[in-house]
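One structure is given here, and the rest of the page talks about it.
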């Protein structure tokens with residue numbers, strides 16, 4: 001059996017094993033990231049802190065992950081995913097368990113915002129793209145969209161589960177349970193079965209062959225305008241999306257909906273995006289990355305405006321439409337940007353490129369939730385915060401279109 005497994009590693013079909021491992025990683029990442037709105041309320045109530053101070057825990061996690069992302073990308077290119085991903089599982093376990101024993105609010109910035117966040121970053125969408133995309137050069141958008149369904153699967157499972165466990169056991173036991181579950185889902189399987197992609201010469205060329213050339217050094221990579229445009233579009237989209245996502249449960253509760261309704265909305269969005277993410281990835285292969293990105297973020301903006309204007313705590317239909325729009329568009333900001341980067345850069349440099357793009361995401365995660373919390377603390381509602389979020393997301397769309405022309409080539413799908 002071991003010999004058969006060894007033979008399989010030499011076959012392109014082993015990409016589907018990598019697909020399964022990547023899906024499990026993203027399920028954990030989705031559970032960690034999308035249980036934040038539920039955990040946010042629990043921590044704010046437990047420590048008696050302001051919305052801005054509590055949001056700072058998650059913003060700090062974002063910036064820690066963002067700053068570490070280039071190093072994580074370099075390590076991924078250097079040592080490979082088989083060594084790196086099990087380490088991520090250990091960091092997640094250590095971070096969650098240590099957080100559950102803190103006696104002071106500030107200690108969460110060490111154990112959750114730093115240690116657990118580094119583990120989450122290591123198994124997040126940017127390393128998933130760098131690990132999986134080289135195995136499927138002809139239909140990477142479709143495959144990345146399919147595997148990205150792991151993220152909303154984690155959201156659909158762990159956001160409601162977090163609410164149930166926190167309500168019955170408290171947030172500290174919930175953190176211990178989650179830490180153990182996440183470790184078991186990540187570390188053993190990746191250690192046993194994770195592999196590097198086939199040699200680059202056996203794969204299809206990238207869509208922009210000239211752009212893929214001369215990426216042997218970081219200076220050459222960072223000298224390309226496309227990299228920085230992708231960093232910026234990731235940053236602005238994340239800023240706007242996380243400004244709303246971290247506060248959305250608190251927004252719904254303040255509007256008059258129950259805590260269970262608010263938490264279930266997050267889970268429902270994740271379940272709908274089980275369809276939305278694969279569909280978006282497949283459409284981006286045929287319609288182009290920029291057009292699908294525009295349509296997706298347009299739906300995201302529409303969802304925010306809808307609940308801002310019509311979410312009154314009495315009618316459920318605004319929540320239903322919010323779930324549909326958000327679910328069909330969730331994850332597009334990272335999915336399409338990652339697919340575009342994989343179109344342009346070879347697998348030998350993709351970890352580093354995605355690491356820098358992830359750094360932009362980290363800046364957005366830092367600034368968005370804190371500013372949203374500050375605007376709420378000053379004004380008592382989320383109207384200005386959510387309006388600003390829509391404006392910033394629109395800027396991200398414009399930058400994405402600029403990146404199309406920075407390569408000097410038209411986009412032609414690989415046949």
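In the numbering used here, the protein residues as written are 1 to 415. Where a beta carbon is used, it is the ideal one built from N, C-alpha and C, also for glycine. Predicted, not measured: the structure shown is a model, and the values here were computed from it.
Contact check, residue i vs residue j, beta carbons under 7 Å
| i | j | result |
| --- | --- | --- |
| residue 226 | residue 150 | no |
| residue 238 | residue 361 | yes |
| residue 389 | residue 240 | yes |
| residue 396 | residue 131 | no |
| residue 42 | residue 117 | no |
| residue 140 | residue 303 | no |
| residue 372 | residue 280 | no |
| residue 230 | residue 69 | no |
| residue 386 | residue 308 | yes |
| residue 35 | residue 152 | no |
| residue 115 | residue 95 | yes |
| residue 56 | residue 253 | no |
| residue 359 | residue 126 | no |
| residue 147 | residue 22 | yes |
| residue 89 | residue 24 | no |
| residue 276 | residue 160 | no |
| residue 285 | residue 404 | no |
| residue 235 | residue 38 | no |
Outcome for residue i when other beta-carbon atoms lying within 10 angstroms are tallied against a minimum of 16
| i | result |
| --- | --- |
| residue 16 | exposed |
| residue 242 | buried |
| residue 247 | buried |
| residue 377 | exposed |
| residue 317 | exposed |
| residue 138 | exposed |
| residue 81 | buried |
| residue 45 | exposed |
| residue 156 | buried |
| residue 78 | exposed |
| residue 392 | buried |
| residue 335 | buried |
| residue 311 | buried |
| residue 258 | exposed |
| residue 379 | exposed |
| residue 93 | buried |
| residue 424 | Given a span of 1 to 415 for the chain in the structure shown, any question on residue 424 remains unanswerable. |
| residue 50 | exposed |
| residue 101 | exposed |
| residue 347 | buried |
| residue 184 | exposed |
Rounded C-alpha distance that separates residue i from residue j
| i | j | result |
| --- | --- | --- |
| residue 112 | residue 325 | 31 Å |
| residue 103 | residue 345 | 46 Å |
| residue 202 | residue 66 | Summary for residue 202: the model assigns pLDDT 49, below 50, so the residue's position carries little reliability, and this model does not support an answer. |
| residue 30 | residue 73 | 20 Å |
| residue 99 | residue 107 | 7 Å |
| residue 295 | residue 356 | 25 Å |
| residue 224 | residue 368 | 27 Å |
| residue 133 | residue 250 | 37 Å |
| residue 52 | residue 365 | 13 Å |
| residue 182 | residue 262 | 24 Å |
| residue 174 | residue 327 | 26 Å |
| residue 270 | residue 401 | 27 Å |
| residue 83 | residue 59 | 28 Å |
| residue 75 | residue 61 | 20 Å |
| residue 86 | residue 120 | 12 Å |
| residue 189 | residue 166 | 28 Å |
| residue 375 | residue 193 | 47 Å |
| residue 97 | residue 176 | 5 Å |
| residue 289 | residue 332 | 10 Å |
| residue 172 | residue 162 | 11 Å |
| residue 256 | residue 306 | 16 Å |
| residue 54 | residue 13 | 45 Å |
| residue 291 | residue 399 | 12 Å |
| residue 260 | residue 323 | 15 Å |
Helix, strand or coil at residue i [DSSP, three-state]
| i | result |
| --- | --- |
| residue 104 | coil |
| residue 90 | helix |
| residue 163 | helix |
| residue 114 | helix |
| residue 242 | helix |
| residue 125 | helix |
| residue 290 | helix |
| residue 312 | coil |
| residue 404 | helix |
| residue 73 | helix |
| residue 196 | coil |
| residue 257 | coil |
| residue 80 | coil |
| residue 224 | coil |
| residue 206 | Because the pLDDT of residue 206 is 49, which lies under 50, any placement of that residue in the model is unreliable, and the question is left without a value. |
> Which runs of the alpha helix (DSSP H), 4 residues or longer, sit entirely within the region 13-54?
Replying inline: Taking only runs of at least 4 residues, the alpha helix (DSSP H) segments lying wholly in the region 13-54 are 15-34 and 36-47.
>> Threshold first: 3 residues or longer. Then list the beta strand (DSSP E) segments lying entirely within the region 133-180, N to C.
In response: The DSSP assignment places no complete beta strand (DSSP E) segment of no fewer than 3 residues inside the region 133-180.
> What alpha helix (DSSP H) runs, 4 residues minimum, are completely inside the region 325-406?
Replying inline: Those alpha helix (DSSP H) runs which fall completely within the region 325-406 and span 4+ residues are 332-344, 347-379 and 383-406.
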